[in-house]
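J.: Mapping of the sequence shown onto UniProt numbering: position 235 corresponds to residue 235, and the numbering continues sequentially without gaps.
Where a beta carbon is used, it is the ideal one built from N, C-alpha and C, also for glycine.
Keep in mind it's a predicted model, so treat the numbers as computed, not measured.
Below: one structure in structure tokens.
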Amino acid sequence: MTAPEFKQMARSEHFPSRIADQIRHEIALGKLVPGSRLPTELKLSDMFGVSRSVVREAIAQLRNEGLVESKQGVGAFVIDPDKRRLIQIGAEALNRPDHFRSLFQLRVPLEIEAAGLAALHHDAEQLRQMDQAQLRMEGCPYWADEWIEADLLFHTILARATGNEYFSTFLGFIGGHLSQSISAGRTESKLEQIVELTIAEHAAIRDAVAARDPQAARAAMGVHIANAASRLNLELEGVNRK
């Protein structure tokens, strides 16, 4: 197997997506064959000249696309093509002006219904994990990498709480791209005020789920998505802001 050749990122690039593109390219060329293990996070961070959190996000994108799988304590491995999921968004699509709008339109039906199902089917452990994610958001510096990770974790746990693995699959795929919209929002908004509003929106979703009130959970998620879109100057049809 030929060793993969990676290039360091230019400062203007969106790091995780570009790293995922390079790894994806090496897989396509056969330099990373099915079953092979990716270099460690530490080695990849050195090779690309980025932080380990950026590498983790890139690997999460590849995992959500079904290109790699992570084994706890071992690393990430390339998946055989016959076993891969076919959902993916290429770099060209990610750079289109309408990308964020399309992404949020997809979130509307999926995440609103996921919130309702989570209210009906969650267990105590999943609610505890949602609370932990919320506490992490409240305890991290405003919109630092750790804050974004906690935000995405909240939505990941909510998807699992539906009891439907397909919600986890599709929302996990979307989650691999959401950090870009979060990063865009923090550069265009009044940071502290927006973060406090976002935390309050998550709290409303959590409380509705805890109360096993699917109607309230759907409504709270709809408000959150509409407000998140608005923070990116996007208007969505069929959802109401508060």
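Flag this pair as touching only if the region 205–213 and the region 121–133 have three or more C-beta atom pairs under 8 Å; answer yes or no.
T.: Result yes; three or more Cβ-Cβ pairs closer than 8 Å.
J.: Can you tell me where the beta strand (DSSP E) holding residue 49 begins and where it ends?
T.: Taken as a continuous stretch (DSSP letters only), residue 49 belongs to no beta strand (DSSP E), as it is neither H nor E.
J.: Count the other C-beta atoms from every protein chain shown that fall within 10 angstroms of the C-beta of residue 40, then say buried if there are 16 or more, exposed otherwise.
T.: Exposed, since its Cβ has fewer than 16 Cβ neighbours within 10 Å.
J.: Please name the residue, chosen from 223, 195, 114, that lies closest to residue 169 on a Cα-to-Cα basis.
T.: Checked all of 223, 195, 114; the closest Cα to residue 169 is 114.
J.: Since residue 78 sits in a beta bridge, which residues does DSSP pair it with?
T.: BP columns for residue 78 point to 68.
J.: Would residue 236 pass as a contact of residue 167 if the rule is Cβ separation under 8 Å?
T.: Not a contact, by the Cβ cut-off of 8 Å.
J.: Apart from the five residues just before and just after residue 218, which ones in its own chain have a Cβ nearer than 6 Å to its Cβ?
T.: Answer for residue 218: 112, 115, 116, listed in chain order.
J.: Apply the 10 Å Cβ neighbour rule to residue 160 and answer buried if 16 or more other Cβ atoms are within range, or exposed otherwise.
T.: Classification of residue 160: buried, given that the 10 Å Cβ count is 16 or more.
J.: State the CB to CB distance for the pair residue 62 and residue 20, rounded to an integer number of angstroms; the pair is presumed to be in contact (CB under 8 Å).
T.: Indeed, because the Cβ distance is near 5 Å, the residues count as touching under 8 Å.
J.: With a cut-off of 8 Å, do at least 3 Cβ pairs link the region 68–75 to the region 26–45?
T.: Result yes; three or more Cβ-Cβ pairs closer than 8 Å.
J.: Here's a check: name, in chain order, each residue in its chain whose Cβ is nearer than 7 Å to the Cβ of residue 153, leaving out the five neighbours to either side.
T.: If we look at residue 153 and ignore the five residues flanking it on each side, its Cβ neighbours are 133.
J.: Applying the 10 Å Cβ sphere with the 16-neighbour rule, what's the burial state of residue 229?
T.: So residue 229 counts as buried.
J.: Can you give the beta carbon distance from residue 225 to residue 108, rounded, assuming they're within the 8 Å contact cut?
T.: Confirmed, about 6 Å.
J.: Return the CA-CA distance between residue 213 and residue 201, expressed in angstroms with no decimal places.
T.: Their Cα atoms are separated by approximately 16 Å.
J.: Just mark residue 80 as buried or exposed, buried being the case when its beta carbon has 16 or more other beta carbons within 10 Å.
T.: Looking at its Cβ environment, which holds fewer than 16 other Cβ atoms inside 10 Å, residue 80 is exposed.
J.: Alpha carbon to alpha carbon, what distance is there between residue 15 and residue 92?
T.: With a pLDDT of 49 at residue 92, under the threshold of 50, the modelled position of that residue is not reliable, and the figure given next carries that caveat. Looking at the two C-alpha atoms, the distance is approximately 15 Å.
J.: For residue 151, count the other beta carbons within 10 Å of its own beta carbon; 16 or more makes it buried, fewer makes it exposed. Which is it?
T.: Its Cβ being crowded by 16 or more others within 10 Å, residue 151 is buried.
J.: Look up residue 101 in the DSSP assignment and say whether it is helix, strand or coil.
T.: Three-state DSSP puts residue 101 in a helix.
J.: For residue 66, which option in 173, 45, 120 has the closest C-alpha, if you only look at C-alpha atoms?
T.: Considering only alpha carbons, the answer is 173.
J.: Excluding the 5 residues flanking residue 121 on each side, which residues of the same chain have their C-beta closer than 7 Å to its C-beta?
T.: Within the same chain, residue 121 has close Cβ partners 161, 162, 163.
J.: Taking only three categories from DSSP, how would you classify residue 91?
T.: Any answer about residue 91 is weak, because its pLDDT of 48 lies below 50 and its placement is not dependable; what the coordinates show is given next. Three-state DSSP puts residue 91 in a helix.
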